[in-house]
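Notes to accompany the following structure.
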Amino acid sequence: MYTNDVLEILGETIKPGQSAEVSFNVAKLHTRTPVDVPIIIERSKKPGPTILFTAGIHGDEINGVEIVRQLISKGINKPKIGTTICIPVLNIFGFINMERAFPDGRDLNRVFPGMKNGSLASRVAYELIQEVVPHADFIVDFHTGGAFRFNAPQIRIERGSEDDDVMAEIFGAPFILYSQNLNKSFRNACNKLGKPILLYEGGKSFDLDNTVTNTGVNGAKRIMNHFGMLRRQFKVSEPKKECVKITESSWLRAKHSGMFKATVKLGVEVKVGDDIGNITDPYGKFNHFVKSKHAGYIININQSPIVYQGDALFHISTEVLK
22 MYTNDVLEIL
32 GETIKPGQSA
42 EVSFNVAKLH
52 TRTPVDVPII
62 IERSKKPGPT
72 ILFTAGIHGD
82 EINGVEIVRQ
92 LISKGINKPK
102 IGTTICIPVL
112 NIFGFINMER
122 AFPDGRDLNR
132 VFPGMKNGSL
142 ASRVAYELIQ
152 EVVPHADFIV
162 DFHTGGAFRF
172 NAPQIRIERG
182 SEDDDVMAEI
192 FGAPFILYSQ
202 NLNKSFRNAC
212 NKLGKPILLY
222 EGGKSFDLDN
232 TVTNTGVNGA
242 KRIMNHFGML
252 RRQFKVSEPK
262 KECVKITESS
272 WLRAKHSGMF
282 KATVKLGVEV
292 KVGDDIGNIT
302 DPYGKFNHFV
312 KSKHAGYIIN
322 INQSPIVYQG
332 DALFHISTEV
342 LK
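Here the sequence shown stands for residues 22 to 343, numbered as in this note's numbering.
Okay, structure coming up:
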């Protein structure tokens with residue numbers, strides 16, 4: 022049963038029906054300039070669940086930042102009941118410098134639950150877990166593919182939780198990828214605390230893609246609608262196609278170094294032996310056709326124009342739930 026108590030978060034008090042921007046004081050730059058992470062909180066006067074939307078754990082993953090930005094700018098985050106907490110950029114240092122990691126070289130998504138007196142990244146993780154996550158009843162964390170690897174919009178959850186399955190289907194991304202929680206990841210830390218979480222992946226670093234961001238925003242609206250939090254003026258669309266549930270997948274790696282170009286589209290289904298790309302040299306003397314080793318769906322494509330032998334080119338599903 023949800024209550025309508027006063028929300029005490031990061032030293033601030035937010036009453037039902039109030040809006041607030043709370044400063045998550047991370048640290049200071051080497052110039053002594055303070056760096057704050059804004060946390061946007063919207064509360065209804067009516068009791069209900071609290072949903073936490075997070076993005077920017079990696080500073081170069083801009084699509085997730087854009088999704089949460091749109092939730093705020095369009096007023097979607099103002100709930101009919103309950104509370105929303107939006108953190109568009111968790112790794113503000115990486116976002117400022119357009120880098121994935123923190124200035125200490127650590128990946129924020131590999132240091133949870135963090136330590137009060139640990140590294141900079143570890144301290145941020147600790148504050149998030151101690152001060153923000155306990156208030157959440159449900160969490161959606163937005164990510165993108167690293168480097169040039171472009172992910173098809175997908176929800177990642179561990180297999181075995183019926184509740185997670187239901188919520189992932191409600192979100193409505195084209196793919197659900199069952200994957201184990203990585204040690205010291207945000208998702209793993211939340212699960213250990215009993216906080217249900219969906220991890221959304223879509224697009225690639227240093228990039229904004231309309232399909233990826235629209236899928237994320239629509240998914241967030243469906244989640245809010247499920248909890249009775251979405252206001253009437255916002256419409257909930259049905260997913261364009263039935264979600265594909267992937268239980269096993271495999272990376273297809275380059276056999277040769279050279280100039281690379283994919284010849285299939287993201288999200289399509291391929292058969293064994295299909296030509297899906299080619300690797301050439303700059304001199305017009307070499308042309309290697311990349312063929313699929315598996316029958317399945319293309320859920321990630323390396324969009325780098327230059328690849329080296331052994332580089333991951335395609336992520337292809339090998340087993341799906343029917």
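Yeah, the Cβ is synthetic: ideal placement off N, Cα and C, and Gly gets one too. Nothing here was measured: the structure is a model prediction, and the numbers come from that model.
From what residue to what residue does the alpha helix (DSSP H) around residue 94 run? 83-94
Grab me the residues of residue 288's own chain with a C-beta within less than 8 angstroms of its C-beta, minus the 5 sequence neighbours each way, in chain order. 173, 195, 196, 318, 319, 320
Going by beta carbon distance, what residues of the same chain come within less than 8 angstroms of residue 93, once the five residues before and after it are set aside? 61, 107, 109
For residue 223, report the span of its beta strand (DSSP E) as first-last. 218-225
Helix, strand or coil: how does DSSP classify residue 282 here? strand
Close beta carbons around residue 272, own chain, < 6 angstroms, minus the five adjacent residues each side: 333, 336
Using the rule of at least 16 other Cβ atoms within 10 Å of the residue's Cβ for burial, across every protein chain shown, is residue 221 buried or exposed? buried
Enumerate, from N- to C-terminal direction, the unbroken beta strand (DSSP E) stretches of 3 or more residues contained entirely within the region 244-319. 265-274, 279-283, 296-301, 308-312
Is it buried or exposed for residue 100, if we count other Cβ within 10 angstroms and need 16 for buried? buried
At what residues does the beta strand (DSSP E) containing residue 147 begin and finish? Judged by DSSP secondary structure, residue 147 falls outside any beta strand (DSSP E) and instead within the alpha helix (DSSP H) spanning 141-148.
Identify the continuous beta strand (DSSP E) that holds residue 42 and give its terminal residues. 40-49
Put residue 172 into one of helix, strand or coil per three-state DSSP. Strand, per DSSP.
Given that a residue counts as buried once 16 or more other Cβ atoms are within 10 Å of its Cβ, and exposed if not, what is residue 27? It counts as exposed.
Along the chain, where does the alpha helix (DSSP H) containing residue 208 start, and where does it finish? Its alpha helix (DSSP H) spans residues 207-213.
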